[in-house]
Amino acid sequence: MPKAKAYAAASPTSGLAATTIARRDPTDQDVAIDILFCGICHSDLHQVRNEWSGVMPTVYPCVPGHEIVGRVTKVGSAVKKFKPGDLASVGCLVDSDRTCPECQAGLEQFCPNITLTYNFPDKHLGGVTYGGYSSSIVVDERFVVRVPANLDLAGTAPLLCAGITTYSPMRHWGVTQGKKVGVVGLGGLGHMAVKFAHALGAHTVVFTTSASKTEDALRLGADEVVLSRDANQMAKHTGSFDFILDAVSADHDINAYIQLLRRDGNITLVGAPEKPLAVSAFGLLFGRHSLSGSPIGGLPETQEMLDFCGKHNITADVEVIPIQKVNEAYERLVKADVKYRFSIDMASLQSE
Ligand SMILES: NC(=O)c1ccc[n+]([C@@H]2O[C@H](COP(=O)([O-])OP(=O)(O)OC[C@H]3O[C@@H](n4cnc5c(N)ncnc54)[C@H](OP(=O)(O)O)[C@@H]3O)[C@@H](O)[C@H]2O)c1
Ligand SMILES: [Zn+2]
Ligand SMILES: [Zn+2]
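The sequence shown begins at 53 in our numbering and counts up one residue at a time.
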């Protein structure tokens with residue numbers, strides 16, 4: 053069985069360290085990929101530290117990473133979309149049952165039988181799946197997405213989670229020209245949301261706790277920036293938003309944003325804080341506001357998002373790091389100190 057170099061966490065408190073993992077021999081439908089870059093999502097940190105223990109407890113060792121870009125090295129005999137040498141990308145999903153109504157609609161993210169890219173039962177090898185903090189991965193071609201040729205690869209990797217997770221709800225809730233759209237939290241997801249809202253033509257407002265990010269927010273495409281801890285600045289926007297995307301990774305007051313919605317406005321959570329958020333009923337019922345959530349996106353929409361990025365030349369703003377700096381990067385992520393996504397250069401794994 054092929055082996056891969058990887059970085060794994062041994063426990064919630066161990067940090068990540070070099071290891072070796074097994075990858076399967078490609079089946080007829082599989083694509084084998086040498087990983088070039090892998091983004092660091094805050095979900096990796098939540099999972100490595102077992103912060104989602106109530107919903108998806110972490111199985112150790114845990115090899116995270118679901119923002120994968122690489123080059124195809126080998127394909128199975130039935131593979132049609134890829135050949136060796138092609139660029140290819142993999143996001144949060146590596147399998148589903150393919151037969152349920154959700155899969156048939158191309159909404160694999162809602163399939164009751166999905167396999168996530170890491171920390172999910174591995175149907176081929178047993179144990180759990182291992183993600184992209186590794187030198188290679190083998191994935192069924194249905195779950196592999198084509199990369200537009202004009203995009204920078206380090207900045208493309210984060211599109212596979214941060215990109216699709218923000219693009220999908222914006223498309224669903226009709227973000228377009230003439231709409232006023234808020235983005236809460238200027239991190240990996242948030243900065244992609246700003247780029248998409250701007251590209252879709254909406255009037256885009258960033259809510260941030262970090263005054264130091266104001267200029268960046270404007271450069272990324274925001275029309276206005278609000279310091280969310282300043283009640284006066286917040287009050288100026290009461291009742292005015294069609295749609296707000298909340299991409300905050302930690303506990304915060306969501307009611308402060310619900311009251312900024314206009315009648316029938318929607319706030320969608322993509323952030324997944326460890327603890328439940330308190331919601332005021334009155335904030336929702338006055339104004340018939342709605343609160344929803346949205347997980348990643350299906351494979352057809354992921355390809356659509358990448359093609360949209362190719363057309364508009366959109367990639368993540370990345371700080372490229374060697375894998376040896378991953379633990380330091382996690383510490384900075386907790387402090388909201390990333391501009392605006394870490395992307396691991398997987399060539400650095402070769403020295404391990
Ligand atoms: N729904 C999904 O399918 C999905 C997919 C991927 C990730 N996620 C989740 O989305 C969340 C964000 O992920 P990410 O990778 O974008 O994280 P990130 O890069 O760490 O960004 C989070 C941002 O939230 C803001 N923030 C952090 N702590 C805060 C606090 N205590 N109060 C208010 N704001 C705070 C900061 O922005 P400012 O400095 O601008 O305030 C920070 O940059 C995570 O919970 C992650 O697990 C969900
Ligand atoms: Zn993610
Ligand atoms: Zn299904």
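Ideal Cβ positions, reconstructed from N, Cα and C, are used throughout, including at glycine.
Predicted model, so just to flag it, every value in this text is computed and none were measured.
Distance between beta carbons of residue j and residue i, contact taken as under 8 Å
| i | j | result |
| --- | --- | --- |
| Lys55 | Thr72 | 5 Å |
| Arg406 | Arg340 | Since the first residue of the chain shown is 53 and the last is 404, residue 406 is not available in this structure. |
| Ala254 | Gln285 | Not quite, the Cβ-Cβ distance comes to about 20 Å (not below 8 Å), so this is no contact. |
| Leu205 | Phe89 | 5 Å |
| Leu241 | Ala214 | 5 Å |
| Arg76 | Val190 | 5 Å |
| Ser148 | Ile166 | 5 Å |
Simplified DSSP assignment, three categories, for residue i
| i | result |
| --- | --- |
| Asn284 | helix |
| Ile375 | helix |
| Cys361 | helix |
| Ala70 | strand |
| Glu276 | strand |
| Cys90 | strand |
| Arg76 | coil |
| Asp369 | coil |
| Ala62 | coil |
| Gly234 | strand |
| Phe248 | helix |
| Leu159 | coil |
| Ser301 | coil |
| Leu168 | strand |
| Arg393 | strand |
| Ser41 | This structure cannot speak to residue 41, because the chain is shown only from 53 to 404. |
| Pro116 | coil |
CA-to-CA distance, residue j to residue i, given in whole angstroms
| i | j | result |
| --- | --- | --- |
| Asn379 | Phe338 | 45 Å |
| Asp174 | Glu371 | 31 Å |
| Gly184 | Ala287 | 43 Å |
| Ile319 | Ser344 | 6 Å |
| Phe259 | Pro136 | 44 Å |
| Tyr59 | Ala330 | 36 Å |
| Ser395 | Glu276 | 28 Å |
| Leu297 | Cys155 | 25 Å |
| Asn202 | Gly362 | 6 Å |
| Asp303 | Pro352 | 32 Å |
| Asp39 | Cys93 | Residue 39 is absent from the structure shown; the chain starts at 53 and stops at 404. |
| His224 | Ser403 | 44 Å |
| His118 | Thr169 | 6 Å |
Residue burial classification, residue i (beta-carbon count within 10 angstroms, cutoff 16)
| i | result |
| --- | --- |
| Ala333 | exposed |
| Val107 | exposed |
| Gly179 | exposed |
| Gln34 | As shown, the chain starts at 53 and ends at 404. That puts residue 34 outside it, with no answer to give. |
| Leu387 | The sequence shown places Lys at residue 387, rather than the Leu named in the question. It counts as exposed. |
| Met357 | buried |
| Lys265 | buried |
Top-ranked residue by Cα proximity to residue i, from the options
| i | options | result |
| --- | --- | --- |
| Val146 | Val83, Glu356, Val331, Gly207 | Val83 |
| Glu193 | Val131, Gly117, Thr208 | Val131 |
| Tyr392 | Val124, His176, Ser141, Thr208 | Thr208 |
| Gln99 | Thr110, Gly362, Ile92, Lys247 | Thr110 |
| Phe195 | Pro328, Ile85, Arg223 | Ile85 |
| Pro347 | Gly323, Lys363, Gln355 | Gly323 |
| Ser262 | Leu238, Arg223, Ala245 | Leu238 |
| Ser400 | Thr65, Ile87, Phe293, Gly67 | Ile87 |
| Pro325 | Val300, His243, Met244, Leu211 | Val300 |
| Lys133 | Gln355, Pro113, Thr290 | Gln355 |
| Ile373 | His118, Phe248, Tyr382, Asn365 | Tyr382 |
| Phe295 | Gly350, Val236, Ser264, Gly349 | Val236 |
| Asp96 | Leu385, Asp389, Val257 | Leu385 |
Residue i beta carbon near ligand 4 (any heavy atom closer than 7 Å)
| i | result |
| --- | --- |
| Thr354 | Looking for ligand 4 in the displayed structure turns up nothing; the ligands present are ligand 1, ligand 2 and ligand 3. |
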